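Student:
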Amino acid sequence: MSKIRLFVCDDETAIRVSIGYLVKDSPMIELIGTSGSMEDCIEKICPLYPDVAIVDIFMKSKYDGLRTCEEIKKICPETKIIAYSAFFDRHITKNLTRIGVNGFVDKGSEMEIILSAIELVYKGEEYVCPISSASHELWKKTSRTNLSNQQIDVIKLIAKGLSNQEIADEMKLSSSTIKTQRQRIMKKLDAHNTAQLILNGEQYLITP
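Spelled out as structure tokens, the structure:
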């Protein structure tokens, strides 16, 4: 039986070395390459065409990780991807799922969890480690019915940059009503400022 061919992209040398040692004696997994940046990963991964790639989502920025996953799926569509990060939020998780990432492993997990993740995603299953599962499922379980229709209208106007008074004028409501609704929306979306409110409420800004 041939081994699962693994590629690791992480800007921390210690992580690449640790995963190398972890799979070194595995009868099922072979590490065929590593890289420390998005550019290097894309250049190396094309001729190797690994079965599974572990990608650090936060390298220089989270967008490097997202772009790396996107490029891998374009170049090697059959390669299974495991997102590896110390932090997952709803926005990141949703985009990774859209790209086609197959596994989510938190860097706070035991290293041995990586072995289980590799084997499961290789078989075509999704793997979400216990630490990251709450973040991963949060956006999936959030329904549009969590906010009332009026609150959805309010968040759309907030996203357009309108003030409470301008939203009140637009909706023909009192500014105190809009202020109350805004506070309730922030509580429901676990947001502490306007920017976070818009980010956490992104799903409500998309017309179904």
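Here the sequence shown is numbered in this note's numbering, starting from 604 and rising by one per residue. In this text, a Cβ means the ideal position worked out from N, Cα and C, and glycines have one as well. All values reported here derive from a predicted model rather than from experimental measurement.
Classify Ser688 as buried or exposed, calling it buried when 16 or more other Cβ atoms lie within 10 Å of its own Cβ.
Tutor: The residue labelled residue 688 in the question sits at position 85 within the sequence shown. Buried, because 16 or more other Cβ atoms sit within 10 Å of the Cβ of Ser688.
Student: Taking 9 Å as the cut-off, decide whether the C-beta atoms of Met641 and Lys663 are in contact.
Tutor: Here residue 641 refers to the residue found at position 38 when the sequence shown is read from its first residue. Here residue 663 refers to the residue found at position 60 when the sequence shown is read from its first residue. Against a cut-off of 9 Å, the Cβ pair of Lys663 and Met641 comes out as a contact.
Student: Considering only their Cβ atoms, is the gap separating Gln754 from Ile801 smaller than 9 Å?
Tutor: In the sequence shown, the residue the question calls residue 801 occupies position 198. In the sequence shown, the residue the question calls residue 754 occupies position 151. Contact flag unset, no.
Student: Among Phe691, Ser778, Glu715, Asp614, which has the Cα closest to the Cα of Val626?
Tutor: Sequence index remark: in the sequence shown, residue 626 carries index 23 (1-based). Taking only the C-alpha atoms, the option nearest Val626 is Glu715.
Student: What residue does the beta strand (DSSP E) around Tyr687 start on, and which one ends it?
Tutor: Walking along the sequence shown from the start, residue 687 turns up at place 84. Tyr687 -> beta strand (DSSP E) spans 683–688.
Student: Would Thr616 and Gly636 be called neighbours here (beta carbons separated by less than 9 Å)?
Tutor: Within the sequence shown, residue 616 is the residue found at index 13, counting from 1. Within the sequence shown, residue 636 is the residue found at index 33, counting from 1. Against a cut-off of 9 Å, the Cβ pair of Gly636 and Thr616 comes out as no contact.
Student: Assuming Thr816 and Ala720 form a contact by the criterion Cβ under 8 Å, report the distance between their Cβ atoms to the nearest whole angstrom.
Tutor: Limits of the chain in this structure are 604 at one end and 811 at the other, which puts residue 816 out of reach.
Student: Between which residues of its own chain and Lys606 is the CB-CB distance below 7 Å, once the five residues before and five after are set aside?
Tutor: Translated into the one-based positions of the sequence shown, residue 606 becomes position 3. Answer for Lys606: Met631, Ile632, Glu633, listed in chain order.
Student: Does the Cβ of Glu646 lie closer than 8 Å to at least one heavy atom of the ligand HEM?
Tutor: Judged by which ligands are present, the structure shown has none, so any question about the ligand HEM falls away.
Student: Mapping DSSP to helix, strand and coil, what is Val704?
Tutor: Position 101 of the sequence shown, counting from 1, holds the residue named residue 704. If DSSP states are grouped into helix, strand and coil, Val704 belongs with coil.
Student: Can you grab the Cα-Cα spacing for the pair Asp793 / Gln786, in whole Å?
Tutor: In the sequence shown, counting from the first residue as 1, residue 793 sits at position 190. In the sequence shown, counting from the first residue as 1, residue 786 sits at position 183. Each residue's alpha carbon lies about 10 Å from the other.
Student: Below 8 Å on the Cβ atoms is my guess for Cys644 versus Cys612; work out the distance and round it to an integer in Å.
Tutor: On the sequence shown, position 41 is the one that residue 644 refers to. On the sequence shown, position 9 is the one that residue 612 refers to. Indeed they touch by this definition, with Cβ atoms about 4 Å apart.
Student: Residues in the same chain with beta-carbon distance under 8 Å from Ala737, minus the five sequence neighbours each way, listed in chain order, please.
Tutor: Mapped onto the sequence shown, residue 737 falls at position 134. Low local confidence applies: a pLDDT of 47 at Ala737 is under 50, so the model's placement there is unreliable, with the coordinate-based value given in what follows. Closer than 8 Å at the Cβ level, and outside the excluded window around Ala737, lies no residue.
Student: To the nearest angstrom, how far is it from the Cα of Ile678 to the Cα of Glu646?
Tutor: Within the sequence shown, the letter at position 75 stands for residue 678. Within the sequence shown, the letter at position 43 stands for residue 646. When rounded, the distance between both Cα atoms is 10 Å.
Student: How would you call Thr797, buried or exposed, if buried means at least 16 neighbouring beta carbons within 10 angstroms?
Tutor: Against the sequence shown, residue 797 aligns to sequence position 194. Flag for Thr797 reads exposed.
Student: For Asp654, which residues in the same chain have their Cβ closer than 6 Å to its Cβ, ignoring the five residues on either side in sequence?
Tutor: The count along the sequence shown starts at 1 and reaches residue 654 at position 51. Once the five neighbours on either side are set aside, the close Cβ partners of Asp654 are Ile607, Arg608, Tyr725.
Student: Would you list the one or two residues that DSSP bridges to Gly639?
Tutor: Along the sequence shown, read from residue 1 onward, the residue named residue 639 stands at position 36. Beta-bridge pairing links Gly639 to no other residue.
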